[in-house]
Ligand code: RB5
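In the numbering used here, the protein residues as written are 7 to 175.
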């Protein structure tokens, strides 16, 4: 997965039925943002009932394939989406419901996917957090890069069939 030089973000957005309404509202914000190049809606549709795990896998796989830079996944809590998205190699995702966590999700963790819970936070806070999220960029020369690389190295060991555990301390 090679990072792109951005004019602006290409974003995949998805939700289950518990996050549908926020997805629709925030999708309009993304489409209107000068920081966003393209938005693709991975569902669910208004009458859709796909489980969060299915939507998260589709968005995460599209990011892994380089079709999108970032994902925004919304379910009831944001937790199921994050759990499912993190099953995809190279993908880092978390629910973040406050400004500082959203900033660090990008700047410390180089996460591609922000997950939100429609049943946890109000729509205006959700919109604001997404607007802030668009302004953050990971710095590959920062001290955080080596820490994220530890996660990638673990994934690499597993993919190679090598033991995942390593001595620490
Ligand atoms: C509803 O299915 C709810 O469980 C789901 O949206 C999500 O909150 C799971 O983490």
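The beta-carbon is built from N, C-alpha and C at its ideal position, and this holds for glycine as well. Since this is a predicted model, take the numbers as computed values, not measurements.
Query: Within 9 Å, strictly: CB atoms of residue 119 and residue 157; Result: no
Query: Burial state of residue 36 (16 or more Cβ within 10 Å); Result: buried
Query: Proximity below 9 Å, CB of residue 102 to CB of residue 84; Result: yes
Query: Nearest residue (CA-CA) to residue 108, options 13, 132 and 151; Result: 132
Query: Inter-stretch contact (C-beta, 8 Å, three-pair minimum) for the stretch 113 to 130 and the stretch 16 to 26; Result: yes
Query: With 16 other Cβ atoms within 10 Å as the buried cut-off, status of residue 106; Result: exposed
Query: 7 Å CB neighbourhood of residue 39 in its chain, flanking five on each side removed; Result: 140
Query: Proximity test, residue 170 beta-carbon vs ligand 1 heavy atom, cut-off 8 Å; Result: no
Query: Residue 154 to residue 160 span [Cα, whole Å]; Result: 10 Å
Query: Where the beta strand (DSSP E) containing residue 19 begins and where it ends; Result: 15 to 21
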